[in-house]
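From first to last, the protein sequence lines stand for chains A and B.
Heads up, the final residue of the first sequence is numbered 489 in full-length UniProt numbering, and it's a clean run with no missing numbers.
Heads up, the final residue of the second sequence is numbered 436 in full-length UniProt numbering, and it's a clean run with no missing numbers.
Have a look at the structure below, then the notes.
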Amino acid sequence: MTTPDPARRQVHLVAHFPGVNSATVWSDPASGSQIDFASFRHFARTAERGLFDYVFLAEGLRLREHGGRIHDLDVAGRPATLAILAAMASVTRNIGVVGTLTSTFNEPTELARQLATIDHLSGGRVGWNVVTSPDAFHGANFRRGGFLPYAERYTRAEEFVALAKALWDSWEAGAILADREAGRFVDPERVHRVRHRGPQFDVAATSTVPRSPQGYPVIVQAGDSPAGRDFAAANAEIIFSRHTGYADGQQFYRDVKGRLPAAGRDEDSLLILPGASFALGDTDAEARERAREISLAQTSPQTAVAWVEAIWGRALPGLDPDGRLPDAEPGEGEQRQGQVSTRVEDRIARAAELRARAEAERLTVRELVAAETAHHTFVGSPATIAAEIDRYVQGRASDGFVLVPHLTPGGLDEFVDRVVPLLQERGVFRTEYAVDPVTGANPTLRRTLGLPEPQRPDSARYRPEGGPGDASAAESVPEDAAVPEEVPA
Amino acid sequence: MADIIRAGDSGSPITVGVALEGGGWHPAAWREDGAGPETLFTAAYWQGLIDIADEAGLDYATLEDALSTRSAGFGAPDDDPGLRPEIVEGRLDALLTASWLAPRTTRIGLIPTVTTTHTEPFHVATALQTLDHVSEGRAGWQLRISGDAASARAFGRRPAPEIDLADVLAGEPDAGLDALLGDAADVAETARRLWDSWEEDAIIRDVATGRFLDRDRVHHIRFASERFSVIGPSIVPRSPQGQLPVTLLSHSPRVHALAAETADVVFITPENPSPRAGASRGKPVAEIVAEVRAAERAADRAGRGLAPLRIVADLVVALDAPGEAATDRLDRLDDLAGTPFASDARVAAGSPERVADLIGDWLGAGIDGVRLRPLALPHDLTAIAERLLPVLRDRGLAAPGGADPRPLREVFGLASAPNRYAVARAAGDASEEAAA
Ligand SMILES: Cc1cc2nc3c(=O)[nH]c(=O)nc-3n(C[C@@H](O)[C@H](O)[C@H](O)COP(=O)(O)O)c2cc1C
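This is the structure in structure tokens:
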């Protein structure tokens, strides 16, 4: 075994449980259940064997629909995020568990206690990918309904995270005394009531969960709009990005890291991890052949037609997957719900792009859809892929990758067995988790990621000068302040 | 082999479960030798408890939960009751604790408390389904409402319920309580529909037609009441049990009615002289059982596909320890707490044989099981597992141990749940609305 080379930037790896979309191949005989816990156990343990930073789950709060009916061509059905995170943490020791949870259809008091619970149970291994999906389609599953205008999605997310952090901070580290003799279990002076009033939330709460090992879960973000990038610069410790090209990745990396100083943050306090798919082979040529096979499996003739229908906004019953794109333009209709842009101008522009590509590369509908949607980030032998990943990280096109295998649950096995050892040989990937040599305690997720501790520890926050429970700082905050306000009680 | 002598009206076997709460049900339990007050928020603490219960073959463990601190009692109008330093404050989320425990246990049923009042029905239903997947069919739900002002303020989404605690305790009608119970009924109905929204064989993986799903077997539930609406279907495929056993604790005919409408199992609190027992104060087992059966007759359970309610009696248990009688221990803890212990359930302190006598009497009055609340943890849980359960088994009151893992429904004697949509289709009616 080699040891990490301090002169080289270290690679971070994340294992994305195969998702609910066409990238996850279900027709392969090796494809297993997407819902049995055995699949999650296998996947999480494989990632841990490979010394990954964390396992990751996406979230979708409504089954996708196509043509007004449930979309039936892709893998569908998934567990609820928080419960499965807790269970995956239970069957692993050191790896982190990070889930996608929307700030739109949750409430801060509840989500904060849920995440803190998993942080306690796992010894500090939890993270939260904050997403903002605001649309009425998903809203139809919630008491809330589809109430949030698109422009307010990050207003709510900002306020949500600020309030959640106040709750996580509200029990000081020493608040639990557990003093049997004196009969004092808790020191009420060191538990602070949180008051918050803002456009989205009006809450007064005493948190029910003591401070957890990490204080806050690691905050991940995956939005891409300018508002999303600003939100990330202010709040996120990790960005899960779509920018997988090398040059594009470098540009995104510079853009986001460039926003950090304005937020008073250090460049090393945020990691950028693009999603990446891969196809491995003994040789590069063999890998290319496998990549082609995977792409075709990801793009059945029916999937290709449905994808074109989603852009055209209507059913295209006569469309031949081995033929050409429709001659007519996309219309106003909405064929795929909750996924594709509903703006007809966007879709007309997209159709023009697709026609141009099909013509230039002489592609059938199915070949075109495969080229557009079933492209693999890394294709090659283990040595080729290890070298590519290393190049991205040394070149600041990313800090590592969120790997998205195409098979459940075994899609990561080969990567762990064959690529991870080569990254270790290069001195750019850990050879063990930072387990405490004395106590055997697992590292927190933040420690594994090499991220700094959260900036506002409880003691500084609540006891600047006035001593325990001093609320003097709060009195100057106007009751009707439009900005979020959290004060100790 | 001991025969199971007790079979309720429905012919189900009796059950013996435990209710886990903080450091135990006595407010000073955390100060006992052997308690682990500094470990209450660790996985190891809960793992240690569940291992005792699982290895002994107890049927299930319920995990208590609430959205506000323990100082904020039900119906309390004060939205900031403060923290009391002398009791265990703080708790972990019960459903997530159960999710953590599920892969690390083999047989025991796991029944977290999840409130319906401030939560999203869709999240509640799908999280419970996930627990059922993770536990391979050992999950249940203890449904509760949050009637305190502190919980309402902590969410800030709806005004504090206007509950008159005196009325509720007296068993008088209360509009505020009715509103919360009505909402709970809606949430339970939504959950049940979501749990059925994927039929068992919805996943077909048909390569020839390119279809992963048979979408005729995945259903919008279109639940709508004046309180909220949920369109569905669930994002979670049908779980091993399909319908999880729904349980709830009831002290009054009004809540019996909710149980009769939506639950599979009701926990009752007989023979308890304490005012904390509310409307059930002082009532003998047979009287409460009769009240529950009356509530059942008023609800159309069969029409909803529900079996007769399983009635389970709650009992706080303190067992003699070598060198110290349980009654002495209770006195000692009361001294530490500064007040005599009173609970909403009757307290039974004594030898395993005496406690078994009481349970035996109760079984004769028509209950289907007991839920034991250990006075102090882990002490009384260990004593229940090692000394009380064997006595119950010897007397044929509890089922013998060593059975293979079973779905929790089966433990409660509930037949496997038919899927309402599949049933409707079999009846020749394909429309989702008809099934709903
Ligand atoms: C790589 C990536 C993954 C995402 N995964 C999810 C997801 O699992 N669930 C979800 O609801 N939204 C997901 N999103 C979308 C949200 O992160 C985002 O909040 C939403 O698109 C609106 O933000 P934006 O306008 O800044 O992009 C993802 C976005 C990206 C870039």
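Ideal placement from N, C-alpha and C gives every residue a C-beta, glycine not left out.
Could you tell me which residues DSSP pairs with residue 129/A in its beta bridges? 100/A, 220/A
Pair within 9 angstroms by beta-carbon distance, residue 127/A and residue 91/A: no
Using 10 angstroms around the beta-carbon of residue 285/B, count the other beta-carbons present and answer buried if the total reaches 16, otherwise exposed. buried
Under a CB-based cut-off of 9 angstroms, is residue 129/B close to chain A? yes
What are the boundary residues of the alpha helix (DSSP H) that residue 355/B is part of? 352-364
Just to check, is the beta-carbon of residue 511/A closer than 8 angstroms to a non-hydrogen atom of ligand 1? Any question about residue 511/A goes unanswered here, given that chain A covers just 1 to 489.
Per-residue DSSP class, three states only, for residue 151/B: helix
Suppose contacts are defined by Cβ-Cβ distances below 9 angstroms. Is residue 231/A in contact with residue 129/A by that definition? no
Distance CB(residue 408/A)-CB(residue 75/A) smaller than 9 angstroms: yes
Nearer than 8 angstroms: is that true of the beta carbon of residue 61/A relative to any heavy atom of ligand 1? yes
Residue 483/A, DSSP secondary structure in three states: Note that residue 483/A scores 29 on pLDDT, short of 50, meaning its location in the model is unreliable; the coordinates nonetheless yield the value given after this. Coil.
Using beta carbons (cut-off 9 angstroms, strictly below), is residue 82/B in contact with chain A? yes
Would residue 238/A pass as an interface residue toward chain B - the criterion being a Cβ-Cβ separation below 9 angstroms? no
Within-9 angstroms CB hit, residue 136/B to chain A: yes
From which residue to which residue does the alpha helix (DSSP H) around residue 369/B run? Unbroken run through residue 369/B is the beta strand (DSSP E), 369-374; no alpha helix (DSSP H).
Neighbour flag for residue 468/A against chain B, beta carbons, 9 angstroms: Unreliable positioning characterises residue 468/A in this predicted model, as indicated by a pLDDT of 35, which lies under 50. A coordinate reading is not provided.
Roughly how many angstroms lie between the CA atoms of residue 220/B and residue 135/A, to the nearest whole one? 18 angstroms
Within the 9 angstroms Cβ cut-off, does residue 214/A reach chain B? no
With distances taken from CA atoms, which of 312/A, 307/A, 450/A, 252/A is nearest residue 330/A? 312/A
The alpha helix (DSSP H) with residue 256/A in it runs from where to where? 246-259
Quick one: is residue 319/A near chain B, going by C-beta distance under 9 angstroms? no
Buried/exposed call for residue 375/A, threshold 16 Cβ in 10 Å: exposed
Test item: CB-CB of residue 186/A and residue 167/A under 9 angstroms: no
Consider the Cβ of residue 460/A: report whether some Cβ of chain B lies at a distance smaller than 9 angstroms. At residue 460/A, the pLDDT of 37 sits below 50, so the modelled position is not reliable; the number obtained from the coordinates is stated separately. Judged by the 9 angstroms Cβ criterion, residue 460/A is not in contact with chain B.
Tell me, please, whether the stretch 71-85 of chain B touches the stretch 140-150 of chain B by the rule of three or more beta-carbon pairs shorter than 8 angstroms. yes
When the Cα of residue 490/A is compared with those of 399/A, 369/A, 346/A, 333/A, which residue comes out closest? An answer regarding residue 490/A cannot be provided, because it is not within the stretch 1 to 489 covered by chain A.
Residue 174/B versus residue 243/A: straight-line alpha-carbon distance, rounded: 58 angstroms
Proximal residues, the stretch 13-32 of chain A versus chain B, C-beta separation under 9 angstroms: 20, 26, 27, 31
Between the CA atoms of residue 425/A and residue 325/A - distance to the nearest angstrom: 48 angstroms
Using a Cβ-Cβ distance cut-off of 9 angstroms, determine whether residue 421/B contacts chain A. no
According to DSSP, simplified to helix, strand and coil, what is residue 171/A? strand
Residue 30/B: contacting residues in chain A (beta-carbon distance under 8 angstroms): 178, 180, 185
Min CB distance residue 71/A to chain B below 9 angstroms: yes
If you measure from the beta carbon of residue 275/A to each beta carbon in chain B, is any gap under 9 angstroms? no
Compute every distance between the C-beta of residue 408/A and the non-hydrogen atoms of ligand 1, then say whether any falls below 8 angstroms. no
Please classify residue 462/A: does DSSP put it in a helix, a strand, or coil? Its pLDDT being 37, under 50, residue 462/A is placed unreliably in this model, and the value from its coordinates should be taken loosely. Residue 462/A: helix per DSSP, three-state reduction.
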